[in-house]
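Okay, structure first, notes after.
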């Protein structure tokens, strides 16, 4: 990004922050209570009180002006701020001129200015100030007509010409009137500019809605106004002012406990309005994004930003905070109660961030364990992050139990922390199993069963924790204080964390049991059949030392086919349905197609010549079909019709004894949800 674009981006945010500040001030200012205080103080005869309804209308006009400033294009917004700066400079020039005239009247010296040192000092100071004001106004308005801003020099010129002091007062008033007339003329000449801008904006909005729709319009405005960054800057400004106001009134340094209390109370003070609450939401979202980005960078370095995952953007944490704040009425509470409730909400947000970190680290750690990467630094980063995610949630749950009285909300936080630790523990165990298998010379045949048991164990523990939370919530609802919010949370928690988990776990168990039964029902190929077949397994691309025969007369490793059946109930090559049946009815000779003998038997050709033993002749006609998209395991494409050799995956040798283990581990790491519950 060029420097100019960065400056424009900063200006686009910085120039809109005052509009949010004005909205926040208008929300805090209660006009009705303000006029009631005036009436009780005996100032009901004040002209301001007589125009109470006008002040109310101006209050709502302030909202409109704030929204206009918020949505104004950047070029017009810069011009508006330049005009406001020019008005402030003219007001500063008026103040300098008035102070000079007042000083001259108090001194009473009517002679030459240079004859009295004090008068000369006042004159020099006022002259320099007026020249600076004129120069700045000319630069800001980008005009060479500097005389338009030099009306306040008239009292100085008159004093230099020895005009009586009484006349200088009238000259000063004339200069003020002249400057005011200039401002009025400028406003009158640009009176139709807001109308033209509104008409142009309406025309553009109508065109965008007609062509792209309301959703595209909302996304365009969201990106142009940069609302998340805008509200975050606004909230950080409030928080900095709150911290500064505290330390500016304190002389003694605060203790650690006092600093924690100061942090919570300052955050609570800075979320007392809807605008400041939105600022806190976006700030938490950006903090979560920063933490998750650091997590990715720690695990993968700069490679993490090449194919960045759009799922972990901190949006979940921000939405969680917003929903909890709205449901609990956070902005309506007193500061102390708001700080206490905010601490619980922040614990929930931290638990959500830890869960997102685990979702980032889990596939990376498993893929690293399944790969042959022997970089100690990569393994250290992965394991150290997992250890942090194992220890910190448990420590957070312990601290919550120490400092808070247990209730349903805190139990949800503790259960979430415990579940995170359990998931990390399961990931580390699978990683250790992969590393143990890596250092073995031969692959572990029952590794899939071990991984399934590990996954099933910690998934069962997760289910038990969820059931305990539901039971505690139901007991608290029945015997304690019932609320709609608590009942809704119990129902949602029961559906998503209990019912759906139980349903998915049971379905996974049934699929696995069905796959095992199907494998047991298939016949095992004899050594003679394997020698005549003389091919490799189409799933793992390894030699067939042992195999089972499908009803469609295809040979596969029993373990490979069982893993395939976890995904779908079809043949990996011809996609025929595989039904459970007895071994006696599954003989290949009974299922051989017409004109072809059973697998393992050679049908004599005409004239007594033996038929060709090419593996392409023994393949089914549908062997060239592609594996369906839902299949995570590749297969041979068409065999070896051209050259008589098996087509292998590029970069993997079928005679490498370690390649089978590498394929199994990589596939299981990527397909963790299939081998798990």
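In full-length UniProt numbering, the protein residues as written are 1 to 677. Built from N, CA and C at the ideal position, the CB exists for glycine as well. Fair warning: this is a prediction, and the values are worked out from it, not measured in the lab.
Counting along the chain, no alpha helix (DSSP H) covers residue 161, and no H or E run does either. The beta carbons of residue 155 and residue 101 sit about 6 Å from each other, so the pair counts as a contact at 8 Å. By the Cβ rule, the stretch 174 to 184 does not count as touching the stretch 62 to 82, because fewer than three pairs are nearer than 8 Å. Across the structure, residue 82 and residue 229 are spaced so that their CA atoms are roughly 23 Å apart. Counting along the chain, residue 498 sits inside no alpha helix (DSSP H), nor does DSSP assign it H or E at all. Residue 281 sits buried, since 16 or more C-beta atoms from the chains shown fall within 10 Å of its C-beta. Residue 226 carries a coil assignment under DSSP once its states are collapsed to helix, strand and coil. Within the same chain, 476 come within 8 Å of residue 407 by CB-CB distance, once the 5 residues on both sides are set aside. Contact annotation: residue 160 and residue 96 have beta-carbon atoms that are not nearer than 8 Å. Fewer than three pairs of CB atoms, one per stretch, sit closer than 8 Å, so the stretch 543 to 559 makes no contact with the stretch 490 to 510. For residue 338, the closest of 289, 269, 117 by C-alpha to C-alpha distance is 269.
Each of 519, 138, 527 was checked against the Cα of residue 551, and the nearest Cα belongs to 519. Around the beta carbon of residue 564, a 10 Å sphere encloses 16 or more other beta carbons of the protein chains shown; the residue is thus reported as buried. Around residue 129, the same chain offers 96 as residues with beta carbons nearer than 6 Å, after the five sequence neighbours per side are excluded. Cβ atoms of residue 320 and residue 341 stay farther apart than 8 Å, at about 14 Å. Ranked by Cα distance from residue 455, the first of 479, 436, 424, 440 is 424.
Assignment of residue 439 by DSSP, reduced to helix, strand and coil, places it in the coil class.
Closest in C-alpha terms to residue 418, from the list 400, 434, 431, 65, comes 400. Looking at the DSSP output, residue 570 shares a beta bridge with 577.
Residue range 447 to 479 is occupied by the alpha helix (DSSP H) that includes residue 478.
For the 8 Å CB-CB criterion, residue 314 and residue 292 form a contact. According to DSSP, residue 543 shares a beta bridge with 536.
Inter-segment contact for the stretch 229 to 246 and the stretch 8 to 18 is present: three or more beta-carbon pairs are separated by less than 8 Å. When DSSP states are grouped into helix, strand and coil, residue 524 belongs to the strand group.
Taking residue 148 as reference, the option from 186, 169, 200, 365 with the minimal CA-CA separation is 186.
The beta carbon of residue 172 lies closer than 6 Å to those of 97, 101, 155 in the same chain, with the five residues before and after it left out. The stretch 129 to 143 makes no contact with the stretch 202 to 215, as fewer than three CB pairs between them are under 8 Å. Taking 8 Å as the upper bound for CB-CB distance, residue 234 and residue 78 are not in contact here, some 19 Å apart.
Scanning 26, 111, 85, 438 for the CA closest to the CA of residue 63 turns up 26. For residue 549, the beta-bridge partners assigned by DSSP are 555.
Buried is the label assigned to residue 542, since at least 16 other Cβ atoms lie within 10 Å of its Cβ.
Cβ contact annotation for residue 351 (same chain, cutoff 8 Å, sequence separation greater than five): 393, 396, 413, 416, 417, 420, in chain order.
Distance from the CA atom of residue 89 to the CA atom of residue 75, rounded to whole angstroms, is 21 Å.
Check the Cα spacing between residue 430 and each of 447, 439, 440: the tightest is with 447. Relative to the Cα of residue 494, the nearest Cα in the group 511, 474, 508, 126 belongs to 474. Collapsing the DSSP output to three states places residue 290 in a helix.
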